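Here is the structure we will look at, set down as C-alpha cells.
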Amino acid sequence: MAKYHLPRGMRYSTLEERRQFYTEEFSLEKVQGWLALLRGKVKFAVIIGRHTRIYPEKYKEDASTTIIIDEYTGLSEVQDYMTEFLPEAAYYDRNVYDENDRKTGQEFAFDLDPENITCPIHGSLADKMQRHQGLSFCKLELELVKKQAIRLYEHLEAQFSRMKIVYSGRGFHIHVFDPEAYALSTKERRQIAKKVKEKGFQIDEWVTAGSMRLIRLPYSLHGLVSRVVVPVEKGELDRFDPVHDKRCIPKFLGNSATS
Ligand SMILES: [Zn+2]
3 MAKYHLPRGM
13 RYSTLEERRQ
23 FYTEEFSLEK
33 VQGWLALLRG
43 KVKFAVIIGR
53 HTRIYPEKYK
63 EDASTTIIID
73 EYTGLSEVQD
83 YMTEFLPEAA
93 YYDRNVYDEN
103 DRKTGQEFAF
113 DLDPENITCP
123 IHGSLADKMQ
133 RHQGLSFCKL
143 ELELVKKQAI
153 RLYEHLEAQF
163 SRMKIVYSGR
173 GFHIHVFDPE
183 AYALSTKERR
193 QIAKKVKEKG
203 FQIDEWVTAG
213 SMRLIRLPYS
223 LHGLVSRVVV
233 PVEKGELDRF
243 DPVHDKRCIP
253 KFLGNSATS
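Just so you know, we're using the numbering used here here: the sequence shown kicks off at 3 and counts up by one.
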C-alpha cells in the first residue's frame with residue numbers, strides 16, 4: 003500500500019485508525035498544555051488526504067485542500083472537526099493575530115526532515131526526488147536528523163532560551179518562544195535561516211523564514227507514518243527512538259508496531 007519507503011513499522015494509517023485515534027486517544031488536555039505556550043487565539047488546519055490519497059468519500063473534492071479551522075468555541079469542537087474530517091495531518095498557525103485578525107507576530111521555528119538529509123545509501127533529496135521518493139526516508143536518515151536537531155538546539159541556545167523540541171512524525175521541529183523571536187521581521191528570519199544552513203543544518207527555509215506558517219500540531223496523528231507528534235526533552239533526545247518509543251506509537255498499532 004505504501005507509496006514511499008519508510009522505516010520498519012511506519013506506514014499509512016487507515017481511516018478507521020484515524021477515527022480511533024481522534025475519538026479515543028487524542029488528548030485535549032495535552033493539546034491545551036501546548037497551546038498555553040502560544041499567544042492569542044490559535045487557528046488550526048488539517049489536510050485530509052493529500053499525500054496518502056486516503057479520505058472519506060464525501061471529502062474527495064477537498065482531500066488535498068488545506069482546511070483552516072478558526073471558528074470553534076473550545077478544543078472539544080476542534081476534536082469534532084478531527085473526527086469529522088479524519089485528516090492525515092493536523093497543524094496550527096504560527097502567526098499571532100490581534101482581535102481584528104491582523105498579524106502581529108509569528109512563532110519562530112525550525113523544521114528538520116529526514117528526506118533533506120543526504121544519506122550515504124539513498125543520496126540527496128534531489129536523488130530521492132528523481133526516483134519519486136521525496137517523502138521516503140530510512141532509519142539512518144532519522145538518526146542523522148536527530149543528531150542535527152540536538153546540535154541545532156545547542157547552536158540556538160546562544161541566542162534563545164525558551165525552546166521546545168517536537169518529534170514531528172518524520173523529523174523534528176524546534177519551536178522558539180522567546181518574546182524577541184516573535185517580533186523578528188521576515189528579513190531577519192531569512193538571515194538566521196541562511197546562517198543556520200551555512201553551518202550545515204539541513205532545515206526547511208520556508209518554515210524558518212515564515213512563508214510556511216503552519217506547523218504540525220503536537221499530540222496529533224501523523225497519518226503517513228502512524229506516529230503521534232510529541233514534544234521530547236532535549237536531554238532525552240539522544241536516546242529517543244521514534245520507531246519504538248511508546249509515547250509516539252498510537253494504540254491502534256499496539257505491539258505490532260515494533261514486530
Ligand atoms: Zn537513507
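Where a beta carbon is used, it is the ideal one built from N, C-alpha and C, also for glycine. Remember, it's a predicted structure, so these values are computed and weren't measured experimentally.
Minimum Cα-Cα distance from R164 among the listed residues P181, G171, S170, K148 corresponds to P181. Using a Cβ-Cβ distance cut-off of 8 Å, the stretch 24 to 40 and the stretch 61 to 71 are not in contact, since fewer than three pairs of beta carbons, one from each stretch, lie closer than that value.
Put simply, the backbone Cα of C140 is about 25 Å away from that of M214. With respect to M12, S228 sits close: the two C-beta atoms are nearer than 8 Å. Excluding five sequence positions before and after P116, the CB atoms of its chain that fall closer than 7 Å to its own CB belong to F139, E143, L144, V147, R172, G173, given in chain order. The Cβ atoms of I50 and F87 sit closer than 8 Å to each other. At a cut-off of 7 Å, the beta-carbon of I71 does not count as near ligand 1: no heavy atom of the ligand is closer than that.
In this chain, the alpha helix (DSSP H) harbouring L158 covers 141 to 158.
Here A47 is not near L154, since their CB atoms are 8 Å or more apart. Every alpha helix (DSSP H) of 4 residues or more that sits fully in the stretch 173 to 210 is shown, in chain order, as 181 to 184, 188 to 200. Here the alpha carbon of Q81 sits roughly 25 Å from the alpha carbon of A111. I152 has its CB no nearer than 7 Å to any heavy atom of ligand 1.
Each residue's CA atom was taken as its position, placing R249 and V230 some 7 Å apart. When the beta-carbon positions are compared, F203 and Q132 stay at least 8 Å from each other. Put simply, the residues with a CB less than 7 Å from any heavy atom of ligand 1 are C121, I123, H124, F139, C140, L142, E143, in chain order. The beta-bridge partner set that DSSP reports for L127 is empty. In this structure, DSSP gives M84 a helical state, which the three-state scheme calls helix. Counting of Cβ neighbours within 10 angstroms places H177 among the buried residues, the total reaching 16 or more. Bounds of the beta strand (DSSP E) holding G107 are 105 to 108.
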